[in-house]
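The structure under discussion appears below in the form of structure tokens.
There are 2 protein chains.
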Amino acid sequence: MHSPEVLATKYKEQGRRITPQRKLLFTLMHNNESHPTAEGLFEEASKRMPGISLRTVYQTLEELSEMGEIQLMHCDGGAVRFDPNVDEHHHAVCAETGELFDVYVDNIDSLRAQLPDGFEVQNVSIVFHGRVAKSAPRTARSARITTKSPARQQTVRAKSAKRTPRRASRGSNT
Amino acid sequence: MHSPEVLATKYKEQGRRITPQRKLLFTLMHNNESHPTAEGLFEEASKRMPGISLRTVYQTLEELSEMGEIQLMHCDGGAVRFDPNVDEHHHAVCAETGELFDVYVDNIDSLRAQLPDGFEVQNVSIVFHGRVAKSAPRTARSARITTKSPARQQTVRAKSAKRTPRRASRGSNT
DNA sequence: ATGCTTATTTGCAAATAATGCGAACTACAT
DNA sequence: ATGTAGTTCGCATTATTTGCAAATAAGCAT
Chain A
28 MHSPEVLATK
38 YKEQGRRITP
48 QRKLLFTLMH
58 NNESHPTAEG
68 LFEEASKRMP
78 GISLRTVYQT
88 LEELSEMGEI
98 QLMHCDGGAV
108 RFDPNVDEHH
118 HAVCAETGEL
128 FDVYVDNIDS
138 LRAQLPDGFE
148 VQNVSIVFHG
158 RVAKSAPRTA
168 RSARITTKSP
178 ARQQTVRAKS
188 AKRTPRRASR
198 GSNT
Chain B
28 MHSPEVLATK
38 YKEQGRRITP
48 QRKLLFTLMH
58 NNESHPTAEG
68 LFEEASKRMP
78 GISLRTVYQT
88 LEELSEMGEI
98 QLMHCDGGAV
108 RFDPNVDEHH
118 HAVCAETGEL
128 FDVYVDNIDS
138 LRAQLPDGFE
148 VQNVSIVFHG
158 RVAKSAPRTA
168 RSARITTKSP
178 ARQQTVRAKS
188 AKRTPRRASR
198 GSNT
């Protein structure tokens with residue numbers, strides 16, 4: 028998504044107003060690679076602006092989405108996660124931490140798929156499920172992987188192409 | 028998933044009981060290609076067994092999932108959809124009707140992805156978003172496409188897949 | 001068949017996620 | 001400073017799904 032400043036301009040051009048709430052949310056989302064949920068973003072925002080309403084967060088995220096500034100991502104059935112990266116990209120989800128990473132795929136066009144007759148593909152979304160190998164080096168737990176950093180180009184090959192035992196229901200991580 | 032008969036055996040072997048509700052749900056799910064939601068399956072079941080509880084449907088689907096007999100699919104953020112096809116496969120969603128089709132992809136391993144460092148892929152899920160071309164011939168609106176029919180092998184290419192360089196800088200970032 | 005044991009079914013409350021709506025508030029042009 | 005229309009916010013409500021406990025009923029032993 029655009030910088031808070033550019034967004035402000037774009038907003039005004041559309042007759043929308045710049046409020047403290049919006050300014051804060053723009054800032055919190057800009058370059059945010061954590062793929063926060065509305066609730067998560069609300070918590071962050073509340074730190075800096077106690078009293079801000081969750082309703083406002085939902086509303087702002089919705090308008091940013093309508094303006095094409097952020098992307099929505101329904102990943103595991105839980106809450107929607109928002110992504111300020113609107114380039115054509117995909118995702119990797121760590122089954123352990125639930126962390127979500129942006130992934131760029133070079134050759135989607137080469138996929139050979141048996142699509143239903145007459146199906147016209149408009150876009151493809153790929154999700155890599157797996158886990159981040161915790162190589163001992165640093166605190167491991169808090170080792171932050173930035174997608175912009177040494178993202179290795181690799182050819183995909185699942186550990187075991189077998190069925191993964193599916194958890195029955197959603198998010199019960201307690 | 029297995030046939031209702033085989034399932035019955037498998038259930039008994041595990042000390043589970045065969046009830047009329049389960050028998051019905053087994054039958055309704057077997058070879059079901061509609062990817063129903065719990066609610067949808069409940070409605071179908073209700074026709075044949077008025078009074079069956081939605082709770083029972085949820086419960087049965089959950090146990091079938093735990094037994095590896097069906098797969099869960101979180102697609103658009105709405106209700107979970109269930110799939111008796113547990114082979115390694117993917118999906119195509121019609122943006123118009125919401126219909127969901129099974130899709131087999133041959134060469135997932137050849138995808139070149141820039142995954143986060145140390146990320147171990149366990150499995151990949153691909154969703155093709157698009158629409159079923161309604162070839163004018165019949166009522167068009169009600170033309171039904173079945174997945175079992177001549178699924179064409181095709182190389183994927185979105186209608187307007189412009190390749191965006193990573194982090195394209197639109198305007199003055201920052 | 002009859003009874004028993006305990007797996008199942010069911011209804012209802014409750015949790016989670018997100019949206020509708022209207023009253024109060026405020027950005028910002030004049 | 002003032003007015004107006006865009007915003008924020010709280011509360012009610014919808015949609016899914018799960019937790020719980022009482023009522024029910026498979027399936028085994030007799």
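Protein sequences, first through last, are from chains A and B. To convert, count from 1 in the first sequence and add 27; that's the numbering used here. To convert, count from 1 in the second sequence and add 27; that's the numbering used here. Note that beta-carbon positions come from the ideal geometry of N, C-alpha and C, so glycine has one too. If you're wondering where the values come from, they're calculated on a predicted model, not measured in any experiment.
Straight-line Cα distance separating B:Gln-141 from A:Glu-89: 29 angstroms
Does B:Thr-166 come out as helix, strand or coil in the three-state DSSP assignment? Here B:Thr-166 scores only 48 on pLDDT, less than 50, and its place in the model should not be relied on; the value that follows carries that caveat. B:Thr-166 falls in the coil class under three-state DSSP.
Quick check: is the beta carbon of A:Ala-160 nearer than 8 angstroms to any beta carbon in chain B? yes
Kindly say whether B:Glu-96, judged by its beta-carbon, lies nearer than 8 angstroms to any beta-carbon of chain A. no
With the cut-off set at 8 angstroms, would you say A:Val-183 and A:Cys-102 are in Cβ contact? no
With 16 other CB atoms within 10 Å as the buried threshold, where does A:Gln-41 fall? exposed
Beta bridge counterpart(s) of A:Tyr-38 as assigned by DSSP: For A:Tyr-38, which the question treats as bridged, DSSP gives no partner whatsoever.
Residue environment, B:Asp-133, which counts as buried when at least 16 other CB atoms sit within 10 Å: exposed
Start and end residues, alpha helix (DSSP H) containing A:Ser-73: 65-75
If contact is defined by three or more beta carbon pairs under 8 angstroms, each pair taking one atom from either stretch, is the segment 63-71 of chain A in contact with the segment 106-126 of chain A? yes
Return the residue from the list A:Ala-160, A:His-156 and A:His-57 that minimises the CA-CA distance to A:Gln-98. A:His-57
Against chain A, which members of the segment 122-150 of chain B pass a CB distance test of less than 8 angstroms? Ala-122, Phe-128, Val-130, Tyr-131, Val-132, Asp-133, Asn-134, Ile-135, Asp-136, Ser-137, Leu-138, Arg-139, Ala-140, Gln-141, Leu-142, Pro-143, Asp-144, Gly-145, Phe-146, Glu-147, Val-148, Gln-149 and Asn-150
Which residues in the same chain have their Cβ closer than 8 angstroms to the Cβ of B:Val-113, if we skip the five residues on either side of it in sequence? Met-28, Gly-95, Glu-96, Ile-97 and Gln-98
Are the C-beta of B:Ala-65 and some C-beta of chain A separated by less than 8 angstroms? no
Same chain, Cβ closer than 8 angstroms to B:Ala-122, neighbours up to 5 away in sequence not counted: His-156, Gly-157 and Arg-158
8 angstroms CB neighbourhood of A:Thr-87 in its chain, flanking five on each side removed: Gln-48, Arg-49 and Leu-52
Just reading off the alpha helix (DSSP H) that B:Arg-82 is part of, what are its end residues? 81-93
Leaving out five residues on either side along the sequence, give the residues of the same chain with a beta carbon under 7 angstroms from the beta carbon of A:Gln-149. none
Within-8 angstroms CB hit, A:Ser-152 to chain B: yes
Between the segment 81-92 of chain A and chain B, which residues of the former have a C-beta closer than 9 angstroms to a C-beta of the latter? none
So that I know if they touch, is there some Cβ in chain B lying closer than 8 angstroms to that of A:Thr-166? For A:Thr-166, the predicted structure reports a pLDDT of 49, less than 50, and the residue's modelled location is therefore unreliable. A value from the coordinates is still provided. So no, A:Thr-166 is outside the interface.
Which class does A:Met-100 belong to by DSSP, given the choice of helix, strand or coil? strand
According to DSSP, residues forming a beta bridge with A:Ala-119: A:Phe-128 and A:Phe-155
Note down, in chain order, all residues in the segment 43-72 of chain A with a beta-carbon under 9 angstroms from any beta-carbon belonging to chain B. His-57 and Asn-58
Given that B:Gln-181 touches chain A, what residues does it touch there, using C-beta distances under 7 angstroms? Ala-140 and Leu-142
CB contact below 8 angstroms: B:Val-107 versus chain A: yes
Are the C-beta of A:Gly-78 and some C-beta of chain B separated by less than 8 angstroms? no
Identify whether B:Val-148 lies in helix, strand or coil by the three-state DSSP scheme. strand
Counting only beta-carbon separations shorter than 8 angstroms, does B:Asp-103 have a partner in chain A? yes
Regarding A:Thr-64 and the ligand NAD, is the C-beta to nearest heavy atom distance less than 7 angstroms? Here there are no bound small molecules, and the ligand NAD is not part of this structure.
If we count the other Cβ atoms within 10 Å of its Cβ and call it buried at 16 or more, is B:Val-33 buried or exposed? exposed
With distances taken Cα to Cα, identify the nearest neighbour of A:Pro-143 among B:Leu-138, B:Ser-152, B:Val-130 and B:Asn-59. B:Val-130
Need the endpoints of the alpha helix (DSSP H) that A:Arg-49 sits in, please. 47-56
In the DSSP output, which residue or residues are listed as bridge partners for A:Asp-110? A:Gln-98
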